[in-house]
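S.K.: First, the structure itself, so that you have it in front of you.
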Amino acid sequence: MPRYNFDEMIERTGTDSIKWLKKHLKDNFGDKDSIPMWIADMDFKVAQPIIEAMTQRAQHGIFGYGHKSDDFLEAAVNWHKRRNDWDIKKEWILFTPGIIPALNFIVDVFSNPGDKVIIQSPVYYPFYNIINNNGRHIANNPLVLNNGRYEMNYAELEKLAQDSRTKLMFLCSPHNPVGRVWTMEELQRVGEICVKNDVLVISDEIHSDLIYKPNRHIPFAKVSEEFKMNSIICTSPSKTFNLAGLHVSDIIIPNEKLREELDHKLRTIDIDPGSFAAVAQIAAYNQGEEWLEQLIVYLQDNVALIEAFLNERLPRVKMINPEGTYLAWLDFSDYNFTSAELQQVMQKQAKIALDDGYIFGDGGEQFQRINFACPRAILHKALERIAIALEGAS
Ligand SMILES: Cc1ncc(COP(=O)(O)O)c(C=O)c1O
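Quick note: the sequence shown uses the working numbering, first residue 2, plus one each step.
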């Protein structure tokens, strides 16, 4: 079995990486040399079988129009069966070049201007743009922080769902940025409220392969037959295998009528997987599992490093324990900074590029999100910089 070396430092500056782009770091985080730990991709090389499959594809030398091949679809079907014991059919899968495009199409097809979409802040910030820029309204059901763990507010959710203008709910599962992996009971309660009030659940499960034991991801559509018929499940190998730049995602819709409606839209735009997207998904799902298992161990050790460092050096900063994802949600509320002050500390003093909590919406103001999918040496350096920046803060 190959042993992957996640400690390897790989220069990304000067590639097409937005995360490491000096101009972007200067313009958005105040310093071109700040350590980039913001956008959700990883500083690790992908699994060797993916590199080999893509190299072989490149050598072929012809890159004409592609199609959703059986191999492409079967790789996803088998993956969901093996990882989550979830039985899906090839026909249920629609291709989009990413989940953000899919969410835009979904809002367009399954709601009308002026309708409302439920989200649960703090949450993945592009949700706000997708809803607002399509002329829909946000119906926010803020998560509740209870003893260091975020929970859903079902009473408020029910109220929002009862509004006749509420048509959709974006369920982030697992939840970015707070790292929750929703339990069966939680999913049941959400699903029941949505079924009862005729709200279609759009379950964004892009982070669902990155789960830390003993937590287990449950695909929303697997919970019950009713939920299966009232949901669209957005999946992708992109977070799992570090393929975001290849633009591949699988939108799984068991309900034939809903699937037809979205497919109609996608056919209008005529999108198929690009040559490299297709090859990468097949190699990742069929041959990437060993790499993923090793990655998860490495990421879990990074979580342990953050925890130990905070305990020892920064006891006033609390990490919300991530049950999944490679994103940690750090609570700086003990310092009583405004979000502008907190941003200054990170950008001007620590010189690290994190996502400010406030951009995730209500409840994020005194938090920062750190992407810890990087070699441990980088993570350690970043934590040191935060500690030094906060020394002497009252
Ligand atoms: C919850 C969530 N959804 C969607 C995306 C982006 O998906 P894509 O790159 O496939 O558009 C991300 C990326 O960080 C994410 O965290």
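Just so it is clear, CB atoms sit at the ideal spot from N, CA and C, and this is done for glycine as well.
Whose CA, out of 87, 63 and 39, lies closest to the CA of residue 222?
M.R.: Ranking the options by Cα distance to residue 222, first place goes to 87.
S.K.: Can you round the beta-carbon distance between residue 328 and residue 178 to whole angstroms, since I take them to be within the 8 Å contact cut?
M.R.: Between residue 178 and residue 328 the Cβ distance is about 5 Å, and since that is below 8 Å, they are a contact.
S.K.: If you pair each beta-carbon of the region 229-238 with each one of the region 255-270, do three or more pairs fall below 8 Å?
M.R.: Yes: the two stretches touch, three or more of their Cβ pairs being nearer than 8 Å.
S.K.: For ligand 1, list every residue whose C-beta falls under 6 Å from any of its heavy atoms, going in chain order.
M.R.: Working through the chain, the matches are 41, 99, 100, 101, 125, 173, 177, 205, 207, 237, 239, 245 and 250.
S.K.: Only counting the same chain, and skipping five residues up and downstream in sequence, which positions put a Cβ closer than 7 Å to that of residue 292?
M.R.: Cβ neighbours of residue 292 beyond the five flanking positions: 5 and 48.
S.K.: Could you check which residue in 206, 298 and 199 has the C-alpha nearest to that of residue 213?
M.R.: Closest option to residue 213, Cα to Cα, is 298.
S.K.: Work out the CA separation of residue 354 and residue 145 for me, nearest whole Å.
M.R.: Residue 145 and residue 354: Cα-Cα distance of roughly 27 Å.
S.K.: Taking the C-alpha atoms as reference points, what is the distance between residue 73 and residue 79?
M.R.: Taking the straight line from one Cα to the other gives about 10 Å.
S.K.: Beta-carbon separation of residue 282 and residue 333 under 7 Å?
M.R.: Not in contact: residue 282 and residue 333 (Cβ atoms no closer than 7 Å).
S.K.: Quick one: which unbroken beta strand (DSSP E) runs of 3-plus residues sit fully inside the region 308-378? Chain order, please.
M.R.: As far as the region 308-378 is concerned, its whole beta strand (DSSP E) runs of at least 3 residues are 319-321, 328-332 and 368-372.
S.K.: What is the rounded straight-line gap between the Cα of residue 128 and the Cα of residue 273?
M.R.: Those two C-alpha atoms are separated by around 24 Å.
S.K.: Please report the straight-line C-alpha distance between residue 262 and residue 102, rounded to a whole angstrom.
M.R.: Whole-angstrom Cα-Cα distance: 16 Å.
S.K.: Which two residues bound the contiguous alpha helix (DSSP H) that contains residue 66?
M.R.: Premise fails: residue 66 is in no alpha helix (DSSP H) and is neither H nor E.
S.K.: Which one of 207, 210, 288 and 337 has the shortest CA to CA distance from residue 3?
M.R.: For residue 3, the nearest C-alpha among the options comes from 288.
S.K.: Put residue 45 into one of helix, strand or coil per three-state DSSP.
M.R.: Here residue 45 sits in coil by DSSP.
S.K.: Using a Cβ-Cβ cutoff of less than 8 Å, which residues in the same chain neighbour residue 242 once the five nearest sequence positions on both sides are dropped?
M.R.: Once the five neighbours on either side are set aside, the close Cβ partners of residue 242 are 47, 48, 51, 281, 285, 289, 292 and 293.
S.K.: Under the rule that 16 or more other beta-carbon atoms within 10 Å means buried, what is residue 9, buried or exposed?
M.R.: So residue 9 ends up on the exposed side.
S.K.: Roughly how many angstroms lie between the CA atoms of residue 319 and residue 201, to the nearest whole one?
M.R.: So the alpha carbons of these two residues sit roughly 35 Å apart.
S.K.: So is residue 370 buried or exposed if we call it buried at 16+ other beta carbons inside 10 Å?
M.R.: Its Cβ being crowded by 16 or more others within 10 Å, residue 370 is buried.
S.K.: What would DSSP say about residue 296, mapped onto helix, strand or coil?
M.R.: Helix.
S.K.: Considering Cα atoms alone, identify which of 317, 69 and 343 is closest to residue 249.
M.R.: Measuring from the Cα of residue 249, the nearest candidate turns out to be 69.
S.K.: Assuming residue 108 contacts residue 137 under a Cβ cut-off of 8 Å, what Cβ separation, rounded to an integer in Å, is found between them?
M.R.: Sure, about 6 Å apart at Cβ, within 8 Å.
S.K.: For residue 123, which of 71, 99, 169 and 181 has the nearest alpha-carbon?
M.R.: Comparing Cα positions, the closest option is 181.
S.K.: Per DSSP, which residues does residue 152 bridge with? Please list them.
M.R.: Answer is 145.
S.K.: Given residue 44, which residues of its chain have a CB within under 6 Å of its CB, disregarding the five upstream and five downstream residues?
M.R.: Once the five neighbours on either side are set aside, the close Cβ partners of residue 44 are 375.
S.K.: Taking the beta strand (DSSP E) that residue 171 belongs to, which residues open and close that run?
M.R.: 167-173 is the extent of the beta strand (DSSP E) around residue 171.
S.K.: Could you pull the start and end residues of the alpha helix (DSSP H) that residue 239 belongs to?
M.R.: From DSSP, the alpha helix (DSSP H) with residue 239 extends over 239-242.
S.K.: Less than 8 Å between the CB atoms is what I'm expecting for residue 384 and residue 310, so what's the real figure, rounded?
M.R.: About 5 Å separates the two Cβ atoms, so the contact holds.
S.K.: Helix, strand or coil, according to DSSP, for residue 245 in the structure here?
M.R.: Residue 245 falls in the helix class under three-state DSSP.
S.K.: What's the gap between the Cα of residue 305 and the Cα of residue 324?
M.R.: The alpha-carbon atoms of residue 305 and residue 324 are separated by roughly 12 Å.
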